[in-house]
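The block underneath contains the structure these notes are about, expressed in structure tokens.
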Amino acid sequence: MTRIAVTGPDGFVAWHVRCAARARWGGDLVHIAEAQFDDPGLMDAALAQADAVIHLAGVNRAHDPADIERVNPWLAEQLVASMTRTGRAIPVVYGNSIHSLGDSPFGVSKRRAAEILRGGTDVVDVLLPNIFGEHGVPNYNSVVATFCHALAAGETPNVVDDKELPLVHVGRVADVLLGAGVDPQPGTVDVPGRPTTVSEVAARLTDIAEAYRTGLLPDLSDSFTKELFNTYRSATFPQHFPIRPVPAEDPRGRLVEAVKGAGGQTQVFYSSTNPGFTRGQHWHRHKVERFLVLSGSGEIRLRKLFTDEVVTFGVTGADPAIVDMPTFWVHSITNTGDEPLVTLFFADELYDPANPDTYPEDV
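Plus 54 on top of the position in the sequence shown (first one is 1) and you've got this note's numbering.
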């Protein structure tokens, strides 16, 4: 198996590349973080473990544009210098930007970094449009992240400059970058973006957020809507959960709505879990999943990939509570009571054994 290193492993895109590797192989990539760039010995040791490197470390924004113009080429220089010292020029998959075709400080710095890399080794130059997705940093990674966090806080998205905005979900980018690392073919790779505008994104996210506050799911049959929805969900979790549906009661008993959605292939089912047993222990990259305990008592546990912090929800049929399973979070449900735990599950897609989008891992 090709050993792949990634620079800036905790950055937005790099984290998703690591998630893609986790889904593909069950492991992680070799990390090249800030400390390695500052220490030639550490850099040489890290690159010695790899057959290819996905270079994603860099600066997108800074108070002083000169910092952007300086840092991105400098990072490329350190990679090339290490390969020169060790006499081992491994291929580089470079997460470049369509802005490198322009003359902004960021674009100039990315273009210069690509030139430096090509001067020292084979390069797969991946030109990326505007990237959005789960766990993006607001006011830094993407206007989509900024809008999502504003809506999650009950605010209105502020469209300062309405313009065309070609967008691509970070999961698609991660698959392209990882694939290029496995089989690096020198040259330029153009990753297309979906045509949209800033105002359209703000409007679509506003509709998603307003509906989601009532528990309504959007039409998940449209892939772009689903990607926006999963991105918005990542900005609401865990602080907006569990959702407390309002039961409708009459002399016959009680009715609780668990899922209301629009369009798509959906699946709703329930399970009975015996005392002390656990279900789940897996995560998803795309699937939208919702849990609602009908009877008994249990504990839902979730952990974001590559972190140790576990979010826990105590759930019981006596007090209905809806908990959604965010993408890229390992999750499980355990019966903590003395009677069977009956749980209703919703998934936005029918189970496909050939492509289950389910990756085993313990919380």
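Backbone N, C-alpha and C define an ideal beta-carbon position, used for all residues, glycine too. Owing to the predicted nature of the structure, the values given are computational and were not obtained by experimental measurement.
Check, Outcome
"Comparing C-alpha positions only, which one of Pro249, Ser351, Phe323 sits nearest to Thr332?", "Ser351"
"Only counting runs of 3 or more residues, tell me where the beta strand (DSSP E) segments fall wholly within the segment 113–182, in order along the chain.", "146–151, 177–182"
"Within the same chain, show all residues whose beta-carbon is closer than 6 Å to that of Gly141, passing over the 5 residues directly before and after it, in chain order.", "none"
"Starting from the C-beta of Ala265, find all residues in its chain whose C-beta is less than 8 Å away, skip the five residues before and the five after it, and write them out in chain order.", "Leu271, Pro272"
"Between which two residues does the alpha helix (DSSP H) carrying Asp92 extend?", "88–92"
"Can you give me the start and stop residues for the alpha helix (DSSP H) that Thr200 sits inside?", "197–206"
"Taking DSSP's pairing of strands, which residues face Gly330 in a bridge?", "Gly330 is not bridged to any residue."
"Comparing C-alpha positions only, which one of Asn184, Leu133, Gly95 sits nearest to Ser154?", "Asn184"
"Under 6 Å Cβ to Cβ from Thr62, same chain only, skipping five residues before and after it: list those, please.", "A small fix is needed here, since residue 62 is Gly in this sequence, not Thr. The residues are Ala68, Leu110, Ala111."
"By DSSP, does Asn389 sit in helix, in strand, or in coil?", "strand"
"Report yes if the C-beta distance between Pro119 and Pro159 is below 9 Å; otherwise report no.", "yes"
"Do you know how far the Cα of Asp244 is from the Cα of Val236?", "18 Å"
"Kindly indicate which residue of Asp215, Trp337, Phe295, Gln132 has the alpha-carbon position closest to the one of Glu88.", "Gln132"
"Following the continuous alpha helix (DSSP H) through Ile297, name the residue where it begins and the one where it ends.", "Note, Ile297: premise wrong, no alpha helix (DSSP H); not H, not E."
"Flag this pair as yes or no: are the beta carbons of His203 and Ala257 separated by less than 9 Å?", "no"
"Since Ala207 and Phe186 are thought to touch, with beta carbons under 8 Å apart, how far apart are those beta carbons, to the nearest angstrom?", "Not really, about 18 Å apart at Cβ, beyond 8 Å."
"Let's see if you can read the secondary structure: which residues bound the beta strand (DSSP E) around Leu231?", "Looking at the DSSP string, Leu231 is not in any beta strand (DSSP E); the run it does join, the alpha helix (DSSP H), is 224–236."
"Between the segment 374–392 and the segment 338–347, do three or more beta carbon pairs fall short of 8 Å?", "yes"
"What are the boundary residues of the alpha helix (DSSP H) that Arg72 is part of?", "66–79"
"Could you check how far apart the C-beta atoms of Thr412 and Glu353 are, in whole angstroms? I think they sit under 8 Å.", "Wrong, their Cβ atoms sit about 21 Å apart, outside the cutoff."
"On the three-state DSSP scale, how would you describe Ala104?", "coil"
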